[in-house]
Amino acid sequence: MKKVLLVVTLFFNFCLFSEAQFKYVASGPSFDEPQKGTSKLVLMKDGAVIFFTIIPKDGIDIRVYSKDHKEIAATIIVPSSSELRAPSLQAAFEINRDMVLLISEIQDKTPVLYRIIIDGSTGKLKKEEKIGELKKVSLGQGYAMAFGGVDSPGFYASKDPDSENYAVSLFNSFESDRNKRIEIVHYNSGHQEISRGYYSSPDDKYKYLDFLSMAVIGTEKVSVMVSGYNTAATGGKSSEVLLANLENGASSFSFTELNFPKDSLLENGIVHYNPAIKKFVVIAKMYANKGEKEAQMYLAFVDPYSKKTERLIVTGISQKIADKAADIYGRKYKYSGTPVNLHINKDGSFSIVYEATVKVSGSSSTYAGASSYGVTQGIVTAAYDKNGEITSNYMVPKNFMLDKPGYVMRSISFRNEYKKFAYINCGEKSYVLINDTERNIELIEKNKEPVIVQGVDECDAFYFPLTGSEAIPQRKYLFGDPENKREHNRALLDISAYDKENDLFVVLQLQKEGRGKTVNLVWLKPQ
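So, in structure tokens, the structure goes:
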């Protein structure tokens, strides 16, 4: 019976991928689709893959795949220290052939952070320990977070992509001492502290510090990007984008003002170290003032050693993309995407990926009692050479309705997790991947606005090669054009990884088996 099932599975995969442009390489055994918790993939340096799901109250489900794509371990671990009542995954990465998970949760109204180390070959638990704890949150502070716009206390983490060093930020928004609200801890590959320090306001100049992004340079330093600001009630309205360095062995930071437009409202920013040019690349989305509707994108190159901003460039989307967005979404439409990904290439070139989120007024059949709802719209990619000159610019239009906590959903197939996108950079080629309804193919070709996707039952996985001169690249079915229009092939694109060394894209694919749904890992080679 097992041989018959194996033959059927192989035949199914052959038929499914025979017309796909991503070449099918292998697939793992199927298992039940995760229904709750947080799932991720960790790509190991030797080509092995670890898939895990953190299941609240139950434990961590782990599946280990060898570099030749075979499942070699499947287990569930239950940490003794973490309660996993409402866990939040801060980071997952490989260190010395182990998988490291940084998981935060609230215990007795106290935010805590755990480091869980799992054997990368067996999936077994090796070590767990609490590495961070913030002050207990009072009832009044809870109201301030819910209704007063005060940031929640929490944790952030970042790993150096070129080494096995990482850093953790402890952000305590309710700390009365403004110089102790942000604490950074720098760790080496043996999980030992390199340095630890508080991110204090320079000369007590700013009362408020908002954490934005963090970059690690080996064992040398950790650089943290924040927005420092005051209000009219706290010494006069002023703001500045700051970058601070915690050097190896230091206990205090050195500060750099990045010379972005002063007193502007910073909505979002990303900082990454570019080892090819030995500079930080910073992208920031800013508004001239609080009431401004249109934001401006700024790109900066910062020398981490001289601590100077060497170049500040006004950037964003090209006029061609702006015109195409207006063609699709209406002549008054202005693209307002937020930078969500900054990818650095080995030669020093880089790319920025933006995604737009808008609020749509009017009632929806999906939400009971809602007067407006959120929609994520076009994805825009911008590729730059190492000097900051744009070399290509593309847009992938979409309209995905977002889940809104607190409202009763009328559609059981809403599935926000299938509305995530993936961006993969293969060196000379890059791709954007989304799940979308087939109905939008013709609409977009005719410069019409895509229909709003609420449920995902009628969606298929598509990929867009970022090549050619057209503003909108041509889409292709990731798993081939389905012969039966009632059947649809989706992928959990947020659970994916690109193995650049072996040129393989690994993704979790949804399959229907009778009335049930299963998933399995699939290895594909971009063409």
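Numbered continuously in our numbering, the sequence shown closes out at residue 549.
By construction, the Cβ of each residue, glycine as well, lies at the ideal position given by its N, Cα and C atoms.
Computed from a predicted model, the values in this text were never measured in an experiment.
Any idea what DSSP makes of residue i, helix, strand or coil?
i: K442; result: coil
i: S433; result: Any reading at S433 needs caution, since the residue's pLDDT is 38, under 50, leaving its predicted position unreliable; the model's value is listed next. Residue state, collapsed to three classes: coil.
i: A348; result: helix
i: N290; result: strand
i: E155; result: strand
i: P548; result: coil
i: R497; result: coil
i: P427; result: Model confidence at P427 stands at a pLDDT of 46, short of 50, so the residue's coordinates are unreliable and nothing is read from them.
i: N415; result: strand
i: R461; result: helix
i: D182; result: coil
i: E467; result: helix
i: N9; result: Examination of residue 9 is not possible in this model, given that the chain is present from 23 through 549 alone.
i: D83; result: strand
i: D503; result: coil
i: D369; result: coil
i: D407; result: coil
i: D226; result: helix
i: T60; result: strand
i: Y485; result: strand
i: F275; result: coil
i: G219; result: strand
Taking the C-alpha atoms as reference points, what is the distance between residue i and residue j?
i: H208; j: A306; result: 24 Å
i: A70; j: D184; result: 18 Å
i: D521; j: V528; result: 8 Å
i: V47; j: D525; result: 11 Å
i: I299; j: S371; result: 9 Å
i: A347; j: T132; result: 45 Å
i: G59; j: E450; result: 36 Å
i: E289; j: F422; result: 22 Å
i: Y327; j: N118; result: 29 Å
i: Q57; j: I76; result: 11 Å
i: N469; j: D503; result: 23 Å
i: G145; j: T413; result: 43 Å
i: L543; j: N252; result: 49 Å
i: P109; j: L135; result: 10 Å
i: D120; j: T379; result: 37 Å
i: Q112; j: F501; result: 31 Å
i: S273; j: R497; result: 51 Å
i: M319; j: Y351; result: 21 Å
i: F275; j: V324; result: 16 Å
i: A317; j: S261; result: 16 Å
i: V475; j: C481; result: 9 Å
i: D54; j: G477; result: 20 Å
i: S52; j: I374; result: 35 Å
i: G359; j: A310; result: 16 Å
i: S433; j: L424; result: Legend: pLDDT at S433 = 38, less than 50; position of this residue unreliable, value from coordinates given subsequently. Distance between the alpha carbons of S433 and L424 is about 12 Å.
i: Q399; j: G212; result: 42 Å
Give me whichever residues DSSP pairs with residue i in a beta bridge.
i: Q531; result: A513, N542
i: Y376; result: P361, V402
i: F177; result: L192
i: E150; result: I138
i: V478; result: BP columns for V478 are empty, so no partner.
i: P133; result: I128
i: F422; result: T398, V475
i: M247; result: S235, L265
i: S49; result: V544
Is the beta carbon of residue j closer than 8 Å to that of residue i?
i: C216; j: N270; result: Per the sequence shown, the amino acid found at residue 216 is Ile instead of Cys. Going by C-beta atoms, I216 is nearer than 8 Å to N270.
i: I204; j: L231; result: yes
i: S245; j: A266; result: yes
i: Y445; j: V454; result: yes
i: Y485; j: F44; result: yes
i: L530; j: A513; result: yes
i: Y395; j: A493; result: no
i: S103; j: K152; result: yes
i: G250; j: K227; result: yes
i: N296; j: T331; result: no
i: L515; j: N457; result: yes
i: Y220; j: K243; result: no
i: I98; j: D83; result: yes
i: H91; j: G142; result: no
i: L147; j: P101; result: yes
i: I239; j: V303; result: no
i: L123; j: I140; result: yes
Determine whether the Cβ of residue i lies closer than 8 Å to any Cβ atom of chain B.
i: A179; result: Among the chains in the structure shown there is no chain B, since it carries only a single protein chain.
What I want to know is whether the C-beta of residue i ends up closer than 7 Å to one or more non-hydrogen atoms of the ligand ZN.
i: L106; result: You won't find the ligand ZN in this model; it holds no ligand whatsoever.
At 3 residues or longer, what runs of the beta strand (DSSP E) sit wholly inside the stretch 300-344?
301-309, 318-325, 330-337
For the stretch 94-125, which segments carrying the beta strand (DSSP E) assignment without a break, of at least 3 residues, lie completely within its bounds, in sequence order?
110-117
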